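In the numbering used here, the protein residues as written are 368 to 901.
For every residue, glycine included, the Cβ atom is placed at its ideal position computed from N, Cα and C.
The structure displayed is predicted, hence computed values, not measured ones.
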Amino acid sequence: MNEPSQQLPDFSLSDLSGAAHAFPAGKAALLCFVKEDCPTCAIAMPLLEAFHRAFGSKVAVLAIGQEAAGNRLLAERHSLTCPLLDDSALRASFAYGFDTVPMVFLADRAGNALQRFAGFVRSDWRSLAGQLAQMTGLPEPSIDWANLPEWRAGCGSKAVEPGIAERLEAEARGDRMQARRIELGEGEDVFEFMFERGLTDGLPVVPPTPERVAWMLTGTRRDPREVIATVAPNLAPLTVEKVAVNAAMAGCRPAYLPVVIAALEAVCTDTFNIHGVMATTWGATPVIIVNGPIRRRLGMNMGIMALGYGSRPNATIGRAVKLVLRNVGGSRPGDIERSALGAIGKFTTCFAEWEERSPWEPLHVERGFHKDESVVTVFGLEAGSRQIADQTSRTARALVGSLGLGLEACWHPKQHGSGEVLLVISPEHADTIARDEWSKAQVRNRIQEITARPLRELLPDAESGEGMPLKAFGLKDDPTPEQLEQRIPKFRSAGNINIMVAGGEGGKFSAVFAGWVSGPMGSSSVSRRIEELP
368 MNEPSQQLPD FSLSDLSGAA HAFPAGKAAL LCFVKEDCPT CAIAMPLLEA
418 FHRAFGSKVA VLAIGQEAAG NRLLAERHSL TCPLLDDSAL RASFAYGFDT
468 VPMVFLADRA GNALQRFAGF VRSDWRSLAG QLAQMTGLPE PSIDWANLPE
518 WRAGCGSKAV EPGIAERLEA EARGDRMQAR RIELGEGEDV FEFMFERGLT
568 DGLPVVPPTP ERVAWMLTGT RRDPREVIAT VAPNLAPLTV EKVAVNAAMA
618 GCRPAYLPVV IAALEAVCTD TFNIHGVMAT TWGATPVIIV NGPIRRRLGM
668 NMGIMALGYG SRPNATIGRA VKLVLRNVGG SRPGDIERSA LGAIGKFTTC
718 FAEWEERSPW EPLHVERGFH KDESVVTVFG LEAGSRQIAD QTSRTARALV
768 GSLGLGLEAC WHPKQHGSGE VLLVISPEHA DTIARDEWSK AQVRNRIQEI
818 TARPLRELLP DAESGEGMPL KAFGLKDDPT PEQLEQRIPK FRSAGNINIM
868 VAGGEGGKFS AVFAGWVSGP MGSSSVSRRI EELP
């Protein structure tokens with residue numbers, strides 16, 4: 368088939384005698400990529416030899432073999448006199464970007480493609496013979512076309528085989544990848560090496576080979592050298608390549624990479640304050656929520672076990688973010704990370720909202736994005752949720768009252784006026800609330816109403832030394848009885864109560880993540896749009 372003229376990649380390859388052949392070489396060229404174990408290539412080889420004998424004085428006819436040992440077998444089997452070039456490294460095959468052999472290119476003297484086709488279609492090869500005769504003014508070779516098959520499918524190019532394709536991609540990206548390569552000694556265990564270097568989160572990680580990192584980078588259009596953020600506390604520049612390295616270690620697929628990048632862009636803002644989140648002695652961690660179409664494309668879990676294990680994208684996206692914070696940012700337990708107890712959620716906390724099961728607009732739409740945009744939102748929350756059970760309420764008011772009472776335990780029952788929380792409402796609970804047509808605003812207001820306590824109940828006393836000082840309310844040491852009866856809601860504002868829907872459809876249990884300190888001295892949630900690839 369004829370295609371618009373296109374400059375073909377240059378190469379220099381050696382034939383079986385060791386002689387070098389460069390392309391372009393100042394005259395027209397016929398290139399045919401082949402491999403020895405392909406039966407369709409076996410049909411093409413005699414034709415290529417016939418073209419070489421007929422037109423070789425004016426056209427460079429070059430067979431290009433993909434296997435070193437197979438090339439000699441091809442030459443012997445077909446008694447070739449045309450040059451058979453060694454592309455066993457597959458760099459030329461990769462540069463030409465085809466996935467089927469035999470692959471034929473006819474080029475002019477400058478290396479511009481005049482014709483290309485793959486496999487064996489008799490009419491294509493017969494047309495090629497006529498085109499070569501017209502170009503050279505030489506007669507066509509005598510070929511018994513009638514005894515050749517009308518069509519045969521080609522075979523897969525070795526350059527696209529699993530493992531090989533990733534290696535070639537890594538080599539091609541080599542000039543844009545800057546990570547230092549480490550060579551392990553013979554017999555050295557790569558998994559133990561990663562543990563000993565402190566590069567893991569305590570669980571084994573996938574070795575980030577150049578092939579795996581290159582494969583990971585196929586998930587984004589962004590340049591591997593692009594700096595997307597500065598990661599505290601080390602204040603280290605974070606490149607797309609470094610994200611890909613840690614995403615590979617976490618077990619991500621390339622399609623997850625844009626989510627990891629967007630989450631890290633959000634985490635590394637001053638608004639989020641990752642240094643504070645990781646350095647606090649409380650058990651805080653980034654909690655990652657994904658909204659929009661990408662949830663479905665990645666197969667993220669938003670139903671049964673949404674906050675648990677078993678989902679690769681949920682588990683590895685969150686883990687990749689934590690590995691970056693550790694390996695690039697320097698947040699390591701006992702060093703910068705000072706959480707007194709920690710929590711299992713520090714390994715990974717990432718899940719999606721079940722938007723289709725929610726009676727309200729989803730989280731990202733509330734935050735100003737379009738419903739068809741894919742968005743990640745990060746919260747600085749406790750590294751684990753607590754569940755709230757209510758299996759008997761039948762009205763929105765009663766159920767939300769139960770949820771509000773469950774939220775009283777956040778931080779401490781006497782701690783009021785604090786930061787953000789994330790309330791994850793299960794589908795069954797959402798259905799109960801929806802039957803009374805309550806909005807999110809009504810849910811928030813009801814929570815504020817039922818959690819409001821007289822100021823006197825929030826002060827330290829003999830029963831509980833924990834409590835809020837009078838100065839937190841702008842009062843002196845001698846409050847009036849009226850001031851002591853002032854009712855203080857649990858949260859600084861209703862807007863601090865973030866609401867989403869997730870979880871299995873069977874079970875009247877919701878969950879809450881309590882937030883770390885919010886505001887200028889703490890952490891506030893941040894949302895970022897996720898890069899979408901076609």
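Ranked by Cα distance from A756, the first of V742, H796, G784, R764 is H796. Rounded to whole angstroms, the gap between the alpha carbons of E775 and V557 is 48 Å. Contact between V695 and L605 holds: their C-beta atoms lie close to 6 Å from each other, under 8 Å. Under a 10 Å Cβ-count criterion, D568 is classified as buried, with 16 or more other Cβ atoms of the shown protein chains found around its own Cβ. Rounded to the nearest angstrom, the gap between the Cα atoms of G773 and V767 is 10 Å. Among the bridge pairs identified by DSSP, F400 is matched with I431, M470. Here A462 carries a helix assignment [DSSP, helix/strand/coil]. In the structure shown, P848 falls within a helical segment according to DSSP collapsed to helix, strand and coil. Distance from the CA of S831 to the CA of T683, rounded to the nearest whole angstrom, comes to 41 Å. When the Cα atoms are used, V810 and T585 turn out to be separated by approximately 43 Å. Straight through space, the alpha carbons of S741 and I897 are spaced by roughly 5 Å. With fewer than 16 other Cβ atoms inside 10 Å of its own Cβ, P887 counts as exposed.
Per the DSSP secondary-structure output, M867 pairs in a beta bridge with V791.
Looking only at A629, F718, G862, A707, the smallest Cα-Cα distance to R662 is reached by F718. With a cutoff of 7 Å on beta-carbon distance, P469 and C399 are scored as near each other. The beta strand (DSSP E) runs lying completely inside the stretch 713-799 and spanning 3 residues or more are 717-719, 742-749, 753-756, 788-792, given in chain order. In the three-state scheme derived from DSSP, where H, G and I count as helix and E and B as strand, Q374 is classed as strand.
Taking 7 Å as the cut-off, the Cβ atoms of P508 and A442 do not count as close. Contact check for A673 against A710 fails: the beta carbons are separated by 7 Å or more.
The three-state secondary structure of V695, taken from DSSP, is coil. The residue among M561, S698, P625, E563 with its C-alpha nearest the C-alpha of H642 is S698.
Between L380 and A474, the C-beta spacing is not below 7 Å.
Around the beta carbon of E804, a 10 Å sphere encloses fewer than 16 other beta carbons of the protein chains shown; the residue is thus reported as exposed. Per the C-alpha coordinates, the member of Q758, F378, M867 positioned closest to M669 is M867. For Q545, no alpha helix (DSSP H) run applies, since DSSP gives it neither H nor E. Leaving aside the five residues that flank R534 on each side, the residues in its chain whose CB is nearer than 6 Å to its CB run, in chain order, E578. A straight line joining the alpha-carbon of R444 with that of R519 spans about 20 Å. Assignment of alpha helix (DSSP H) within the stretch 603-634, counting only whole runs of 4 or more residues, yields 607-617, 624-634 in chain order. Taking 8 Å as the upper bound for CB-CB distance, L457 and H388 are not in contact here, some 17 Å apart.
Bounds of the alpha helix (DSSP H) holding A411 are 406-422. Three or more beta-carbon pairs separated by less than 8 Å are not found between the stretch 865-883 and the stretch 848-857, which leaves the two stretches without contact. S890 counts as buried, since no fewer than 16 other beta carbons sit within 10 angstroms of its beta carbon.
Beyond the five residues adjoining it in sequence on each side, A651 comes within less than 7 Å, by CB distance, of V644, G747, L748, E749, A750, W883 in the same chain, given in chain order. Taken through DSSP and simplified to helix, strand or coil, I655 comes out as strand.
Rounded to whole angstroms, A615 and R693 show a C-alpha spacing of 15 Å.
Leaving aside the five residues that flank A459 on each side, the residues in its chain whose CB is nearer than 6 Å to its CB run, in chain order, F378.
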